[in-house]
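Just below is one structure, and these are the notes that go with it.
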Amino acid sequence: MKNSWTKTKFYMLMSVLAIFLAGCGKENLSALQPAGEIGKQQFFLIVLSISIMLLVVGTVAITFTIAVLKSRRSKVGEAFVPKQVAGNHKLEVIWTTIPIILLIILAIPTVWITFKQADVEDMVTEDGVANKDSVIVNVTAYQYWWEFEYEHEGVVTSQDLVVPTDEKVFFNLKGADVKHSFWIPSAGGKLDTNVDGINSFYLVFDDDKAENADRLFYGKCAELCGPSHALMDFKVNALPREEFDQWLADMKEFEEEGKTADSSDAKEGQEIFNNSCMGCHSVTPTNPGAAGPNLTNFGDRELIAGVLEHNEENLIDWIKDPESIKPDNKMTGAYQLNDDEIEKVAAYLMELKVDKNSGDVEKMKKAIEAEDNDEGGDN
Numbered sequence: 008m009k010n011s012w013t014k015t016k017f018y019m020l021m022s023v024l025a026i027f028l029a030g031c032g033k034e035n036l037s038a039l040q041p042a043g044e045i046g047k048q049q050f051f052l053i054v055l056s057i058s059i060m061l062l063v064v065g066t067v068a069i070t071f072t073i074a075v076l077k078s079r080r081s082k083v084g085e086a087f088v089p090k091q092v093a094g095n096h097k098l099e100v101i102w103t104t105i106p107i108i109l110l111i112i113l114a115i116p117t118v119w120i121t122f123k124q125a126d127v128e129d130m131v132t133e134d135g136v137a138n139k140d141s142v143i144v145n146v147t148a149y150q151y152w153w154e155f156e157y158e159h160e161g162v163v164t165s166q167d168l169v170v171p172t173d174e175k176v177f178f179n180l181k182g183a184d185v186k187h188s189f190w191i192p193s194a195g196g197k198l199d200t201n202v203d204g205i206n207s208f209y210l211v212f213d214d215d216k217a218e219n220a221d222r223l224f225y226g227k228c229a230e231l232c233g234p235s236h237a238l239m240d241f242k243v244n245a246l247p248r249e250e251f252d253q254w255l256a257d258m259k260e261f262e263e264e265g266k267t268a269d270s271s272d273a274k275e276g277q278e279i280f281n282n283s284c285m286g287c288h289s290v291t292p293t294n295p296g297a298a299g300p301n302l303t304n305f306g307d308r309e310l311i312a313g314v315l316e317h318n319e320e321n322l323i324d325w326i327k328d329p330e331s332i333k334p335d336n337k338m339t340g341a342y343q344l345n346d347d348e349i350e351k352v353a354a355y356l357m358e359l360k361v362d363k364n365s366g367d368v369e370k371m372k373k374a375i376e377a378e379d380n381d382e383g384g385d386n
């Protein structure tokens, strides 16, 4: 008996801990630690709905407990007959009106916030064309990766989304094969990506929250889409507007100047890549991959295939046997390369980095010019 009670207490303790742990999460991944306007609104709805639920459950539990305690046989006797309230109009009005009021309290902010989040009027002008003053990202979901195209700049990347902070970022979502769902838990969402239509919405990334999260948030697919659905992740780099503009400029400069491999292995790998992999992948920032992700800035990315630590060893493992890492992916069986060729292609891909120093030179020039102007004004 004692052992049975000990086990019961243990399981009760584990259950309580599991409830609390279910609410734990990282700042860059948890919907309970919102990092933007939409996330905060959705968090408010979560708190509101849970508060109403707890109010109802608490009221019922207290009422039930009082009724049980007051109506104990030892207290009221064997012959006690409770007052019959069936058909009591006052009580019926009360327990009908209160739920209606609670539903209205929940419904009004829910409907208002839902329509507010779907308001993308700022994304287009009165003529119905894309507003050049807005940041618009066209998102295409594939099994099992993401492609991001910046509407006005023509820049295309994959797996790593780069956005400015403290302003609306508009998204046009579509699916390339099956239904997926675009979700950045910390910022807000989620919204389906359909094959037969485009869904649009916006998010705002708070700069202070982004800085606390080291400028990196995590995104996921929230719709079951196949065997590797759980591995269909992407990263979000939330940068101040100046750094975001500089990133776009670096990507465009990369397009103009191209990228030449440095090491001998990488040079051979580039040639192998051009002959074997170019049919599916692109390494220019203005072209989407025909069937696979755009690899322009692959060397700058956070993860390989969205799930592996970004290093050359993991990249070699991915190219050798992608099926063991992401089942049912489209890359399995696409390349017939030997081990030596794979290592050289990996060396080339790891060198695909956008030159971030060019922007620093321009900033330095502007700072010097500003300083000269100030000195001239003082004289």
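Just so you know, we're using our numbering here: the sequence shown kicks off at 8 and counts up by one.
Heads up, the beta-carbon is just placed ideally off N, CA and C, and yes, glycines get one too.
Remember, it's a predicted structure, so these values are computed and weren't measured experimentally.
Measuring alpha carbon to alpha carbon, tell me which residue in the options is nearest residue i.
i, options, result
"Thr303", "Val290, Leu310, Ile311", "Val290"
"Cys228", "Tyr151, Val361, Asn294", "Tyr151"
"Lys123", "Gly46, Phe280, Ser78, Val92", "Gly46"
"Cys284", "Tyr157, Thr13, Lys337, Ala256", "Lys337"
"Lys333", "Pro247, Val176, Asp240", "Asp240"
"Leu110", "Lys242, Ala25, Leu52", "Leu52"
"Asp257", "Gly204, Val202, Leu359, Val127", "Leu359"
"Lys216", "Leu24, Tyr18, Gln40", "Gln40"
"Glu348", "Ser11, Ser271, Ala42", "Ser271"
"Asn282", "Asn318, Ala68, Tyr342, Glu44", "Tyr342"
"Lys242", "Leu356, Phe305, His159, Glu249", "Phe305"
"Pro247", "Trp153, Ile101, Lys175, Asn345", "Lys175"
"Thr293", "Leu255, Asp307, Glu330, Glu316", "Leu255"
"Gly196", "Val202, Ala42, Ile73, His159", "Ala42"
"Val92", "Val83, Glu85, Trp102, Ala86", "Trp102"
"Val142", "Glu218, Asp307, Phe212, Tyr18", "Phe212"
"His236", "Val185, Lys14, Val202", "Val185"
"Thr339", "Asp328, Asp346, Asn345", "Asp328"
Tell me the DSSP bridge mates of residue i?
i, result
"Ile143", "Phe177"
"His96", "DSSP output for His96 lists no bridge partner at all."
"Gly196", "Trp190"
"Thr164", "Phe155"
"Ser207", "Asn179"
"Pro171", "Leu246"
"Val131", "Ala137"
"Leu223", "Asn244"
"Ala42", "Beta-bridge pairing links Ala42 to no other residue."
"Tyr149", "Trp152"
With the cut-off set at 8 angstroms, would you say residue i and residue j are in Cβ contact?
i, j, result
"Ala353", "Ile326", "yes"
"Pro295", "Val144", "no"
"Asp134", "Pro234", "no"
"Phe189", "Phe177", "no"
"Leu210", "Ala194", "yes"
"Val361", "Phe261", "yes"
"Pro106", "Leu55", "no"
"Ile309", "Leu198", "Here residue 309 turns out to be Glu, not Ile, going by the sequence shown. In this structure, Leu198 does not lie closer than 8 angstroms to Glu309 by Cβ."
"Leu180", "Asn138", "no"
"Gly226", "Ile191", "yes"
"Ser81", "Pro89", "no"
"Ser244", "Asp140", "Note that residue 244 corresponds to Asn in the displayed sequence, not to Ser. No. Outside cutoff."
"Phe208", "Val136", "no"
"Val146", "Thr200", "yes"
Please check the pair residue i and residue j, which I expect to be a contact at CB under 8 angstroms, by giving their CB distance rounded to whole angstroms.
i, j, result
"Asp214", "Asp173", "5 angstroms"
"Gly182", "Ala148", "5 angstroms"
"Cys287", "Gly276", "Their Cβ separation, rounded to whole angstroms, is 16 angstroms, which puts Cys287 and Gly276 out of contact at 8 angstroms."
"Asp170", "Phe251", "In the sequence as presented, Asp is not what sits at residue 170; that position holds Val. Going by Cβ atoms, the distance from Val170 to Phe251 rounds to 7 angstroms, so yes, they are a contact pair."
"Ile311", "Glu350", "Not really, about 15 angstroms apart at Cβ, beyond 8 angstroms."
"Val314", "Leu238", "5 angstroms"
"Glu320", "Met357", "With a Cβ gap of about 10 angstroms, Glu320 and Met357 do not count as contacting."
"Gln48", "Ile108", "Actually they do not touch by this definition, with Cβ atoms about 22 angstroms apart."
"Ile57", "Ile112", "Wrong, their Cβ atoms sit about 13 angstroms apart, outside the cutoff."
"Asn301", "Glu158", "Actually they are not in contact, since the Cβ atoms of Asn301 and Glu158 sit about 16 angstroms apart, beyond 8 angstroms."
* To do: Only counting runs of 4 or more residues, tell me where the alpha helix (DSSP H) segments fall wholly within the region 225-275, in order along the chain.
  => Unbroken alpha helix (DSSP H) runs of no fewer than 4 residues, entirely contained in the region 225-275, are found at 248-264, following chain order.
* **alpha helix (DSSP H) runs contained entirely in the region 59-90, provided each spans 4 or more residues** => Secondary structure remark: continuous alpha helix (DSSP H) runs of at least 4 residues inside the region 59-90, in chain order: 80-83.
* Unbroken stretches of the alpha helix (DSSP H), 4 residues or longer, contained in the region 267-354 -> With a minimum length of 4 residues, the continuous alpha helix (DSSP H) runs that stay inside the region 267-354 are 271-283, 319-327.
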